[in-house]
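Comments concern the structure below.
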Amino acid sequence: MKKRIAFATCVQLGLSCIEEIYRIGGKLDLLITLKDEKARNKSGRIYLDDIANQNDIPLLKIDNINDAEVVNALKEYQIDWLFIIGWSQIARKTVLETPTYGCIGMHPTLLPIGRGRAAIPWAIIKGLKETGVTMFKLDEGVDTGDIIGQEVITINKKTTATELYQKVNEMHIRLISRYWNDIVNNNIVLTKQDESRATIWPGRKPEDGEISNSMTMEEADRLVRAVTHPYPGSFYKNDGKIIRIWSAKTSRVEGPIKLKDGYLIPINYEIEG
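Numbering-wise (my numbering), the sequence shown opens with residue 315 and increments by one.
Quick look at the structure:
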């Protein structure tokens, strides 16, 4: 008998997965999202009303994934697996254990590398040559659960957050497509993460996007590319004004922003203040 699946999301990555499930002939038995007034400014924030109505899926709007109403709904709809995608709240033990088989998440790195937050900016800031997306069974840790599957994404010296976000979105879709039948027919194979390779990346705030004169050209270039759309953007403070930089190039010879070993030349930018 095919398993009953619920899906919790409030971002585009999750909506793309839901759309793919229906494109390949799957169905969902319950959708869970945040109440409309919550997290309005979250990157990639979306609303599930349309897709719920189109496919006649029950939709539950909540304050927190750990609320009693979530557990009650999972029991009421006899959910076997719960997807939690692009959700900043950490699901606790009660929620993780309520679906028959557990919960499934995705993380935009090749776990166990890059557990934690801000995975897309960090991959560019760190100058990685590849990253990816991991589908895994959630446990009580942060991104520590057993791996179901992974897709690799290559990064070059021109890759921007905008491009990487789109590739991450595509890999979410590819993983859903690849493993959906195994999930609904309970044929997935779980692989333990190699703890000896684990790294944890911290969260980032908008103020972490500040360009400083002590940065090298490489550091400034990476930061500009790492926090451009859909993120808040890098910025440089000058004479009481803020230059919000969405794209830039570097020069060893000249430019408006002096760096440790050259100059930064904003291309797409806005002046604030």
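Ideal Cβ positions, reconstructed from N, Cα and C, are used throughout, including at glycine.
Check, Outcome
"Rounded separation between P422 and T505 - CA only", "17 angstroms"
"E532 Cβ short of 7 angstroms to the ligand HEM heavy atom set", "As far as ligands go, the structure on display features none, and thus does not contain the ligand HEM."
"Cβ pair count under 8 angstroms reaching 3, the segment 527-540 against the segment 368-377", "no"
"Per DSSP, the bridge partner or partners of V384", "None; V384 has no bridge partner."
"Whole-angstrom C-beta distance between I332 and F321, which should lie under 8 angstroms", "6 angstroms"
"Under 8 angstroms between C-beta atoms of R566 and Y583", "no"
"Reduced DSSP secondary structure (H/G/I, E/B, other) of P520", "helix"
"N-terminal and C-terminal residue of the beta strand (DSSP E) that N499 is part of", "First-last for N499: undefined, no H or E at that position."
"Cutoff 8 angstroms; reference K590; Cβ partners in own chain excluding five residues on either side", "The question about residue 590 has no answer, for the chain in this structure spans 315 to 587."
"CB contact flag (F549, G523, <8 angstroms)", "yes"
"Rounded separation between K555 and G547 - CA only", "15 angstroms"
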